[in-house]
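**Student:**
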Amino acid sequence: MSVVIIDYKGGNVQSVKFALERLGVEATLTADAETIRAADKIIFPGEGEASSAMQELRARGLDKVIPELTQPFLGICLGIQLLCRHSEENDTEMLDIIPVNVKKFQHHLKVPHMGWNNLYNLQGALFEGVKEQDYVYFVHSYYLPVCEYTIATAAYPEPFSAAVQYKNFYAMQFHTEKSGPTGTRIIQNFLSL
Amino acid sequence: MLTKRIIPCLDIKNGRTVKGIRFENIRDAGDPVALAAEYARQGADELVFLDITATNEERKTFAQLVRDIARHIDIPFTVGGGIAAISDVEVLLHEGADKVSINSAAIKEPQLVYDLAKRFGSQCITVAIDTKFTAAGWKVFSRAGTVETEHYTLDWAKQITDLGAGEILLTSMSHDGTKDGFALDITGDVSRGVSIPVIASGGAGKMDHFADVFNQANADAALAASIFHFGEVPIPDLKAYLANQQLPIRLCY
Numbered sequence: 001m002s003v004v005i006i007d008y009k010g011g012n013v014q015s016v017k018f019a020l021e022r023l024g025v026e027a028t029l030t031a032d033a034e035t036i037r038a039a040d041k042i043i044f045p046g047e048g049e050a051s052s053a054m055q056e057l058r059a060r061g062l063d064k065v066i067p068e069l070t071q072p073f074l075g076i077c078l079g080i081q082l083l084c085r086h087s088e089e090n091d092t093e094m095l096d097i098i099p100v101n102v103k104k105f106q107h108h109l110k111v112p113h114m115g116w117n118n119l120y121n122l123q124g125a126l127f128e129g130v131k132e133q134d135y136v137y138f139v140h141s142y143y144l145p146v147c148e149y150t151i152a153t154a155a156y157p158e159p160f161s162a163a164v165q166y167k168n169f170y171a172m173q174f175h176t177e178k179s180g181p182t183g184t185r186i187i188q189n190f191l192s193l
Numbered sequence: 194m195l196t197k198r199i200i201p202c203l204d205i206k207n208g209r210t211v212k213g214i215r216f217e218n219i220r221d222a223g224d225p226v227a228l229a230a231e232y233a234r235q236g237a238d239e240l241v242f243l244d245i246t247a248t249n250e251e252r253k254t255f256a257q258l259v260r261d262i263a264r265h266i267d268i269p270f271t272v273g274g275g276i277a278a279i280s281d282v283e284v285l286l287h288e289g290a291d292k293v294s295i296n297s298a299a300i301k302e303p304q305l306v307y308d309l310a311k312r313f314g315s316q317c318i319t320v321a322i323d324t325k326f327t328a329a330g331w332k333v334f335s336r337a338g339t340v341e342t343e344h345y346t347l348d349w350a351k352q353i354t355d356l357g358a359g360e361i362l363l364t365s366m367s368h369d370g371t372k373d374g375f376a377l378d379i380t381g382d383v384s385r386g387v388s389i390p391v392i393a394s395g396g397a398g399k400m401d402h403f404a405d406v407f408n409q410a411n412a413d414a415a416l417a418a419s420i421f422h423f424g425e426v427p428i429p430d431l432k433a434y435l436a437n438q439q440l441p442i443r444l445c446y
């Protein structure tokens with residue numbers, strides 16, 4: 001099985017690579033369109049600010065490549081937001097794969113939402129072996145509202161999408177690669193899709 | 194519900210932990226990776242590694258260690274100590290650190306906080322503040338607490354928040370090492386005065402102290418070193434105790 005991690009200067013690629021290594025999977029870091037198209041599984045990490053990440057994706061032509069992919073695809077953290085239509089973060093047009101808009105947390109609680117929080121309403125194969133209320137690690141200031149593509153929720157304080165699925169595109173708001181055994185299980189489940 | 198974080202801090206010199214650590218089930222108590230794995234297993238929510246080396250050669254060792262930690266540990270970790278430039282941060286994040294902590298460099302050049310947040314995102318920029326209660330009130334100290342700055346602690350905390358810091362690690366030098374409890378007043382003032390998470394540090398001696406800093410000072414996380422290293426407060430016991438006090442705590446077994 002060939003696993004590719006999309007490397008576009010967009011964040012914690014190394015941590016994701018190490019998480020896969022711990023599962024015995026040697027992943028390729030690349031921004032090359034052909035290598036990405038040929039992979040069995042694709043992981044799309046992301047960290048940082050939305051408009052600069054989109055700029056990096058466009059500079060590599062990945063904004064055209066990613067929407068056309070048909071194999072199982074896993075977006076992580078900013079990776080989930082980049083798949084959406086638009087983000088309130090610097091009013092950025094995103095990849096527009098999942099027809100959802102990304103909002104900023106507007107409440108009295110601390111932002112970023114940083115730390116371990118519970119997962120609820122788990123749906124689908126990615127969460128096999130994961131229990132309701134299991135903890136995963138979040139760090140983000142923007143979020144996807146709960147929508148028809150939501151396959152897990154978390155609350156801060158209102159429910160938002162902790163994970164979504166749209167066709168072959170799966171995506172997690174939390175850091176799957178930094179969420180202890182629960183995160184590892186989710187990555188394993190993704191690799192088994 | 195978002196949980197309160199418990200964070201052990203490890204001091205690193207030339208790639209090894211220092212200050213002495215006693216864990217019965219670890220053969221080499223100086224090995225930071227083995228210790229980090231043990232803390233993760235015990236339920237630590239995050240880890241902080243502080244580089245207390247002085248030479249450039251030792252700094253390279255630290256970068257290699259960061260890679261080694263990232264390779265083996267599946268919880269988030271922050272690295273700090275002597276970070277002075279964008280290029281330092283670039284190396285450490287590239288090796289797999291989740292966050293970096295800057296202190297004296299932010300005081301010397303506050304613009305650095307803005308530049309780092311813009312370049313890498315606020316979420317990975319922790320600003321550490323060493324504070325001491327003086328005749329003039331709570332003041333910020335730099336250079337490992339040796340130099341008193343012009344900054345008042347709450348004002349400085351607000352300033353770095355506005356510059357884009359993602360989190361504050363607030364250490365009370367007046368409490369550090371006393372084991373008499375965290376600085377509840379200044380921690381509360383800072384935590385309520387800024388919109389970003391605050392990690393309380395300095396003074397932890399027993400389990401009550403953690404409950405106090407979460408309940409009375411609104412801290413988002415609490416950091417300690419020796420009481421964890423010497424098993425005086427085992428992390429699983431601490432977390433069970435805090436959960437019993439109705440605090441939101443991640444129990445992982």
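Quick note, the sequences are listed as chains A and B, same order.
Residues 1 to 193 in this note's numbering are what the first sequence lists, from first letter to last.
Residues 194 to 446 in this note's numbering are what the second sequence lists, from first letter to last.
Cβ coordinates follow ideal geometry from the N, Cα and C atoms, glycine included.
(1) Would you mind giving the Cβ-Cβ distance between Y120(A) and E132(A), rounded to the nearest angstrom? I have them listed as a contact below 8 Å.
(2) Answer yes or no: do L95(A) and D63(A) have a C-beta to C-beta separation smaller than 9 Å?
(3) When you compare each of R336(B), Y345(B), K197(B), I322(B) to G330(B) by their alpha carbons, which one comes out closest?
(4) Which bits of chain B does G15(A) rub up against, with CB to CB less than 8 Å?
(5) What residues from chain A crowd round E184(B), counting only those whose CB sits closer than 7 Å?
(6) Using C-beta distances below 6 Å, list every residue in its chain close to G338(B), excluding the 5 sequence neighbours before and after it, in chain order.
(7) Just curious, the beta strand (DSSP E) that N117(A) is in, first and last residue?
(8) By the criterion of Cβ-Cβ separation under 9 Å, what are the contact partners of G75(A) in chain B?
(9) Identify which residue in V16(A), V139(A), A163(A) has its Cα closest to the Cα of P145(A).
(10) Which residue marks the beginning of the alpha helix (DSSP H) containing L57(A), and which one marks its end?
(11) Counting only beta-carbon separations shorter than 9 Å, does Y170(A) have a partner in chain B?
(12) State whether the segment 220 to 227 of chain B contacts the segment 429 to 438 of chain B, with contact taken as three or more CB pairs (one from each stretch) at a distance under 8 Å.
(13) Please return the same chain residues whose Cβ sits closer than 6 Å to the Cβ of Y156(A), not counting the five positions on each side in sequence.
(14) Is it right to say A125(A) is buried, meaning 16 or more other beta carbons lie within 10 angstroms of its own, or is it exposed?
(15) Can you list the residues of chain A that T196(B) reaches, using a CB-CB cut of under 8 Å?
(16) With a threshold of 9 Å between beta-carbons, can Q235(B) be considered close to chain A, or not?
(17) Pull the bridge partners of N101(A) from the DSSP assignment, please.
(18) For the segment 305 to 323 of chain B against the segment 350 to 358 of chain B, are there 3 or more C-beta pairs whose distance is under 8 Å?
(19) Consider the Cβ of G48(A): report whether some Cβ of chain B lies at a distance smaller than 9 Å.
(20) What residues match up with M94(A) in a beta bridge as DSSP calls it?
(21) Taking the CB atoms as reference points, tell me whether G46(A) and I268(B) lie closer together than 9 Å.
(22) Using a beta-carbon distance below 9 Å, is F255(B) in contact with chain A?
(23) Across which residues does DSSP place E341(B) in a beta bridge pair?
(24) Pull up the CB-CB distance for T380(B) and V391(B), whole angstroms please, since I reckon it's below 8 Å.
(25) Could you give the DSSP three-state label for I161(A): helix, strand or coil?
(26) Closest to I36(A) by C-alpha separation, out of H86(A), F73(A), V13(A), Y170(A), would be which residue?
(27) Taking all protein chains shown into account, do 16 or more other C-beta atoms lie within 10 angstroms of the C-beta of P201(B), making it buried, or fewer, making it exposed?
(28) Classify I279(B): buried if its beta carbon has 16 or more other beta carbons within 10 angstroms, exposed otherwise.
(29) Assign A290(B) to one of three DSSP states: helix, strand, or coil.
(30) Under 8 Å: do the segment 241 to 252 of chain B and the segment 270 to 277 of chain B share three or more Cβ pairs, one atom per stretch?
(31) Note the first and the last residue of the continuous alpha helix (DSSP H) segment covering T182(A).
(32) By the 10 Å Cβ neighbour count, where 16 or more other Cβ atoms means buried, how is Q409(B) classified, buried or exposed?
(33) Taking the alpha-carbon of R385(B) as reference, which of T210(B), D369(B), D413(B), V333(B) has the nearest alpha-carbon?
(34) List the endpoints of the continuous alpha helix (DSSP H) containing V13(A).
(35) List, in order along the chain, the chain A residues whose C-beta lies closer than 7 Å to that of G314(B)?
(36) On the DSSP bridge list, what partners appear for K325(B)?
**Tutor:** Working from what's here:
(1) 6 Å
(2) yes
(3) Y345(B)
(4) Checking the displayed sequence, the identity of residue 15(A) turns out to be Ser instead of Gly. Those are A263, G289, D291, listed as they occur along chain B.
(5) With chain B running from 194 to 446 in the structure shown, residue 184(B) is simply not present.
(6) D323, M366
(7) 113 to 118
(8) Neighbours of G75(A) on chain B: none; closest Cβ ~16 Å, over 9 Å.
(9) A163(A)
(10) 50 to 59
(11) no
(12) no
(13) H113
(14) exposed
(15) G115, W116, N117, Y135
(16) no
(17) H86(A)
(18) yes
(19) yes
(20) M94(A) is not bridged to any residue.
(21) no
(22) no
(23) F334(B)
(24) 7 Å
(25) Correcting the residue type first, residue 161(A) is Ser in the shown sequence and not Ile. Strand, per DSSP.
(26) F73(A)
(27) buried
(28) exposed
(29) coil
(30) yes
(31) 180 to 191
(32) exposed
(33) D413(B)
(34) 13 to 22
(35) E47, G48, E49
(36) K332(B)
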